[in-house]
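These notes are about the structure you will find just below.
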Amino acid sequence: MCGIVGLLIKKPEWRESLGELMVPMLIGMSDRGPDSAGLAVFTATLPEPQRKYSLYSKDKFDWESLRRSFPAAFATVPEIQSNGNRAVLISDREPDLVKQWLKAKYPQLHLLSTGRTIDLYKDTGKPAMVADRYNFSALKGSHAIAHTRMATESAVTPDRAHPFTAGEDFCLVHNGSLSNPYSIRRRLEPLGIHFETDNDTEAACRFLEWRMREGDDLETAIKQGFVELDGFYTFLMGTADKLALVRDAFACKPAVVAETDEYVAIASEFRSLAHLPDVKNAHLYEPAPEELYVWTV
Amino acid sequence: MDSLTASSTTTDSITFDLAQTSLREINHYLHHNLARGEKKIHILNPDGAHNIAVGLNAPVDVEILGHAGYYAASMNQLANVAIAGNVGTGVAENMMSGRVHVKGFASVSAGASAHGGLLIIDGDASLRCGISLKGADIVVGGSVGSFAAFMAQAGRIVVCGNAGEALGDSLYEAVIYVRGEIKSLGADAQIESMSEADYATVAELLAKAGFSYNPQDFKRVASAKQLYHWNADAVAGG
C-alpha cells in the first residue's frame with residue numbers, strides 16, 4: 001500500500017514545531033507501510049556555494065575519519081553532524097567533486113540527498129522506530145514530506161525506502177506502482193543518468209528531475225510525467241520552496257488535503273490528519289485525478 | 001453494557017467515544033448487544049478510522065460525528081447510519097438495506113456492489129461511485145468523479161451535480177439520472193428521454209434524500225444494451 005504525508009507550514013512561528021506535527025502524521029500511516037520510513041525536511045537555506053549532503057551507512061561508520069580525510073582532497077575542514085548511521089556533511093566545495101570523492105573513497109556510504117535546503121532520512125523498520133532513531137520530532141523547517149513503505153516493487157532496504165532524490169533540493173514519495181520504470185530507465189541511462197536501485201519510484205524521481213534540468217519548471221515536468229509515467233500513483237514532491245501533489249488518471253491511490261491559514265497537510269488517509277490543530281475547521285478535500293496541486297512556501 | 005466504556009447513556013441512546021473505546025468493542029456491541037432497546041447510538045471522534053459500524057443487522061440509528069475512514073457502514077442491513085463528516089473508500093459497500101447518509105464528501109467506490117437500501121452523499125463522490133451496483137439507490141448532492149456506475153447491474157443513481165468521464169461504462173439494468181454536465185459517457189451508455197415514471201423516480205429519491213431540485217432538470221442515462229451478448233431465451237428454451 002504505502003502511506004504518504006506532507007506538511008507545509010504557512011505561519012513562520014510554527015516552523016519550530018514541524019517535526020512534532022509531522023511525527024503523528026507519519027505514525028498514522030504505519031498500517032499502510034510498516035517496513036520502512038523516510039522523511040525529507042526543507043530547512044533554512046545555506047548560502048552559496050555551500051551544499052549539505054545527507055549520508056547513510058548500513059554498518060557502523062566512523063564519521064570523524066571522514067572529517068579528517070576531507071582536507072587532504074579539498075583543503076578545508078567540513079562541518080559534519082552525525083546521528084548513528086546517518087550524518088550531514090556541509091561543504092562549500094564543488095558538489096560534483098565532493099560526490100565523486102565520497103563515492104571513490106567511501107563506497108559504503110549512500111548519498112541520500114544533496115542541496116542547500118534539504119535534509120533526508122530513510123531507513124528500514126517500523127515508522128515509529130525510524131522516527132525515534134533520528135529524532136524526527138525535533139526537526140524544524142518550512143515543509144516536509146514523509147513516507148511509510150510496504151515494499152512491492154523492490155526489496156526492503158534503506159536505499160529503496162522513500163523519499164527518493166535526484167539533483168539538488170528535490171525529492172519524491174510515491175504510493176502505487178509504475179508499469180514502465182524500465183523503459184524510463186532505458187531512456188535516461190544513455191543520457192548519463194545513473195540509477196542506484198531497481199525501485200520503480202526512482203525512475204519517476206529521476207525522470208522529473210531530468211525534465212527540470214532540461215529547463216521545465218516543476219509544473220511542466222509533472223505534466224510531462226502524466227504523459228510518460230504509466231501506472232498507479234499518488235506522488236508528493238518537495239523542492240526548496242514548493243510542495244506538489246498529483247494523482248494518476250484513475251486515482252487508484254488515495255490522498256486527502258487539509259488546508260488552514262497555518263498549514264497545508266496532505267496524507268493518504270484522514271487518520272494522519274486527525275490530530276492536527278484546528279483540522280475540524282480546515283478546508284478538507286480529495287485531490288482530483290491528473291490535477292496539479294502546488295503550494296509555495 | 002458489559003465492559004464497554006460509554007460516555008453517556010439514557011434509556012434510548014448511548015454515546016461511544018472512539019478516543020476511549022476500541023472500534024472492535026463498539027462494533028461488537030452494535031452486532032451483539034442491542035437487546036437493551038437503544039434507539040440511537042452516537043460515535044464520537046471517529047478520526048478516519050476504518051470499518052466503523054460495518055455489517056450492522058438491526059434497525060438501529062447510528063450517528064458518526066466526524067470523518068470516517070474506509071468501508072464505513074458497509075454491508076449494512078436495516079440500520080440507519082449518518083456520518084457527520086467525510087468518508088474514505090467504499091462507504092456502504094455491499095449494503096443490503098437500510099440507509100446511509102454521508103453529510104460530507106465520499107471517496108472512491110461509494111456504494112460499490114450495494115444490493116439494496118439508500119445511500120445519500122450530501123457532498124461530492126469521488127471516482128467509481130456505484131461501481132457494480134446491484135440494486136441499491138444512491139443520491140449524490142454534489143458531483144461524481146469518473147467511472148461512476150461502472151458495470152452497475154441494478155438500482156438507481158441520482159447525481160445533482162456533474163458527472164466525470166466514462167459515466168455508466170458497461171451498464172446493465174441500472175439507471176442514472178444526472179442534473180449537471182456529463183464529461184463523457186462510457187461504453188454502451190446513452191442519454192435517453194425521461195418518461196413520467198423517470199420524473200416520479202427522481203422526485204421520490206430527491207425527497208427521500210432531502211434535496212429540493214426540480215426533477216425536470218435531470219437527464220436519464222441507461223444502457224444501449226449493445227454489449228449484451230447472451231440470449232436468455234436460448235437458456236430458457238433449452
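Line order of the protein sequences matches chains A and B. Going by the UniProt record's numbering, 168 is the number at position 168 of the first sequence; the sequence numbering is gapless. Going by the UniProt record's numbering, 96 is the number at position 96 of the second sequence; the sequence numbering is gapless. Even for Gly, the Cβ is constructed at its ideal location relative to N, Cα and C. Quantities reported herein were computed from a predicted structural model and do not represent experimental measurements.
For the C-beta of V91(B), not a single chain A residue is nearer than 8 Å; the gap to the nearest is close to 13 Å. In the DSSP assignment, D61(B) falls outside any alpha helix (DSSP H) and within the unbroken beta strand (DSSP E) covering 61-65. Secondary structure in the region 153-231 of chain A: the beta strand (DSSP E) runs of 3 residues or longer, each lying completely within the stretch, are 170-178 in chain order. At a cut-off of 7 Å between beta carbons, E269(A) contacts chain B. Around the beta carbon of R32(A), a 10 Å sphere encloses 16 or more other beta carbons of the protein chains shown; the residue is thus reported as buried.
Using beta-carbon distances, E259(A) does not count as an interface residue toward chain B, since no partner is under 7 Å.
A distance below 8 Å between beta-carbons, with the five flanking residues on each side excluded, links L191(A) to the following residues of its chain, in chain order: W210. Judged by pairs of C-beta atoms under 8 Å, the region 112-128 of chain A touches the region 43-59 of chain A, as three or more such pairs exist. Residues of the region 141-156 of chain B with a C-beta atom less than 9 Å from some C-beta of chain A are G145, S146, F147, listed in chain order. Close to chain B, meaning a Cβ-Cβ distance shorter than 9 Å, are the following residues of the region 281-295 of chain A: L284, Y285, E286, A288, P289. By the CB criterion at 7 Å, A267(A) and M1(A) fall outside the cutoff. Beta-bridge annotation (DSSP): S57(A) is paired with L109(A).
Between A174(B) and S146(B) the beta-carbon gap is near 17 Å, outside 8 Å, which marks them as no contact. For G168(B), no pairing in a beta bridge is given by DSSP. Setting aside the 5 residues that flank it on each side, N86(B) is surrounded in the same chain by H67, G104, F105, each with a C-beta closer than 6 Å to its C-beta; the list follows chain order.
Of the residues assessed, P277(A) falls on the exposed side of the cut-off, its CB having fewer than 16 other CB atoms within 10 angstroms. Taken in chain order, the members of the region 23-49 of chain B whose beta-carbon sits within less than 9 Å of a beta-carbon on chain A are N45, P46, D47, G48, A49.
Residues of the region 2-19 of chain A with a Cβ closer than 7 Å to any Cβ of chain B: none.
Counting C-beta pairs closer than 8 Å gives fewer than three between the region 6-26 of chain A and the region 89-103 of chain A, which falls short of the contact rule.
Assignment of beta-bridge partners to Y263(A) by DSSP yields I9(A). Residue-level contact check: A274(A) touches chain B, since one or more beta carbons of chain B fall below 7 Å from its beta carbon. Distances from the CA of S212(B) to each of D188(B), R179(B), S184(B) were compared; the closest alpha carbon is that of R179(B).
Note on geometry: alpha-carbon atoms of A58(B) and N214(B) lie some 34 Å from one another. Assignment of V87(B) by DSSP, reduced to helix, strand and coil, places it in the strand class.
Taking all protein chains in view, the Cβ of D233(B) is surrounded by fewer than 16 other Cβ atoms within 10 Å, so the residue is classified as exposed.
C-alpha of F235(A) to C-alpha of I14(B): approximately 42 Å in a straight line.
The secondary-structure analysis by DSSP pairs N80(B) across a beta bridge with D61(B), R99(B).
The three-state secondary structure of Y233(A), taken from DSSP, is strand.
Close CB contacts of V159(B) within its chain, under the 6 Å cut and outside five residues either way in sequence, are with V140, V144, V178 (chain order). Among the CB atoms of chain B, one or more fall inside 7 Å of the CB of A251(A). Between D119(A) and S36(A) the beta-carbon gap is near 18 Å, outside 8 Å, which marks them as no contact.
Minimum Cα-Cα distance from K134(B) among the listed residues A163(B), D124(B), L127(B), E93(B) corresponds to E93(B). In the DSSP secondary-structure assignment, W14(A) is not bridged to any residue. Among the CB atoms of chain A, one or more fall inside 7 Å of the CB of L127(B). Taking the Cα of L44(B) as reference, the smallest distance to any Cα among D61(B), A19(B), D12(B) is reached at A19(B). Across the region 91-107 of chain B, CB contacts with chain A closer than 7 Å involve F105, S107, in sequence order along the chain.
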